[in-house]
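Residue numbers (my numbering), protein chains in the order written: chain A, 1 to 150; chain B, 1 to 150.
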DNA sequence: AGTCCTAATTACGAAAAATGCAGAATAATA
DNA sequence: TATTATTCTGCATTTTTCGTAATTAGGACT
């Protein structure tokens, strides 16, 4: 999988501003042909460099309780716990981390009851969890997906 | 801003699988006209229900150090600190939380040096920060954007 | 029921974009 | 320089989007 060159990064730069930009428009901006942009975008998609998605506002679709949960796990059980967490639709993000918590996850719930059920039933059932540290989001200041620095 | 009905949620359900689906395709799937899908998508975009974006793999664009940082702030200075954090390109997410940390942020860096600079220079300069708890991502298990549960 | 009003849906032609490929240009290697 | 592989361009075809007008559906009210 070849490395990205300057033009690839510029294409990503335009797309991160607006995922709906057309090949044609980007081609005009970069003064190359439409086919060039198309080839490069398809290659990057194939290589998993990026994907076209939608970003929904959780609150607007009824997911009003957003949390970040730090989990300490018993040695050797981290991976298995992470895989179990993966399977929950409510869980948006799971990662293994160095630092205070072994695993950190982000999850969205309709309401507090659903969160409490998740923590007290689903998490409580899992073997190998030492401790759980729940942080409930009170206010969101930033949630952006444009992290190419030009 | 009206509430979303069943068809809106179905449209979001299709788009969350693939942000490139066409009006035409979704229309066929839901057995309505293309114009209906277009009208509804445009209304949801106007209302901020969702947006079309790309999701880049940080590692594939050279951002190999991903962190979650918890920050404890002095009373009354949280908002101002959050706004300062917003301005950093490296910072992808900032929220105010209940729990152990007042603010939690997610950020991506090219390398450890850039992370260290951010923590020891940028964060250290900010007034009102009591403590900082850096967790470095070792492995990502899940990072998905499909959180409509059907 | 019937009328009025509003919002949602459909229909359709025109413009724009995506797609599939062939051929030209470019770069890389021997 | 010749050769090969890769990238880029140009163009015809198909598909999608877009603008808009006509139609339909659903209330609210008499």
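In this text, a Cβ means the ideal position worked out from N, Cα and C, and glycines have one as well.
Asked	Found
Just how far apart, CA to CA, sit residue 135(A) and residue 29(B)?	39 Å
Does the stretch 54-73 of chain B come close enough to the stretch 49-62 of chain A to have 3 or more Cβ pairs within less than 8 Å?	yes
Among 43(A), 140(A), 106(A), 113(A), which one has its Cα closest to the Cα of residue 132(A)?	106(A)
Residues of chain B with a CB under 9 Å from the CB of residue 49(A): which are they?	56, 57, 60, 61
Who are the Cβ neighbours of residue 148(B) in its own chain at under 7 Å, not counting the five residues just before and after it?	9, 12, 13, 16
Just to confirm my understanding: we take residue 31(A), look at its own chain, exclude 5 residues before and 5 after, and list those with CB closer than 6 Å. What are they?	none
List the residues of chain A that residue 82(B) touches, going by C-beta distances under 9 Å, in chain order.	139, 141, 142
Tell me whether residue 45(B) sits in a helix, a strand or coil according to DSSP, three-state version.	helix
Helix, strand or coil for residue 70(B) per DSSP?	strand
May I ask you to verify whether the stretch 77-92 of chain B touches the stretch 38-50 of chain B, counting CB pairs closer than 8 Å and requiring at least 3?	no
Compare the Cα-Cα distances from residue 137(B) to each of 82(A), 59(A), 104(A) and report the closest residue.	104(A)
Considering just the uninterrupted stretch of the alpha helix (DSSP H) at residue 7(A), what are its terminal residues?	6-17
For a contact meaning CB atoms closer than 9 Å, what does residue 135(B) contact in chain A?	70, 95, 97, 98, 99, 100, 101, 104
Within 8 Å of any Cβ in chain B, is that where the Cβ of residue 19(A) sits?	yes
Given a cut-off of 8 Å on the beta-carbon distance, is the pair residue 101(B) and residue 72(B) in contact?	yes
Residue 118(A) versus chain B: which residues are under 9 Å apart at the beta carbon?	The contacting residues do not exist; residue 118(A) stays about 13 Å from chain B at best.
With a threshold of 16 other CB atoms inside 10 Å of the CB of residue 96(B), please say whether the residue is buried or exposed.	buried
By Cβ distance, which residues of its chain are closer than 6 Å to residue 35(A), with the 5 residues on each side in sequence left out?	none
On the DSSP bridge list, what partners appear for residue 51(B)?	55(A)
Pull the bridge partners of residue 133(B) from the DSSP assignment, please.	70(B)
Counting along the chain, where does the alpha helix (DSSP H) carrying residue 83(B) start and finish?	78-86
As an exercise, report each continuous alpha helix (DSSP H) stretch of at least 4 residues that is fully enclosed by the stretch 105-130 of chain A, in chain order.	112-117
May I ask you to report which of helix, strand or coil DSSP gives residue 40(B)?	helix
With DSSP as the reference, please indicate the residues paired to residue 27(B) in a beta bridge.	For residue 27(B), which the question treats as bridged, DSSP gives no partner whatsoever.
Can you look up residue 99(A) in the DSSP assignment and give me helix, strand or coil?	coil
When DSSP labels each residue in this structure, what does residue 20(B) get in the three-state scheme?	coil
How about residue 151(A) and residue 38(A): do their beta carbons lie closer than 8 Å?	Given that chain A is displayed from residue 1 to residue 150, the structure contains no residue 151(A) and the question cannot be resolved.
Does the Cβ-Cβ distance between residue 123(B) and residue 67(B) come in under 8 Å?	no
Using a cut-off of 8 Å between C-beta atoms, extract the partners of residue 86(A) located in chain B.	141, 142
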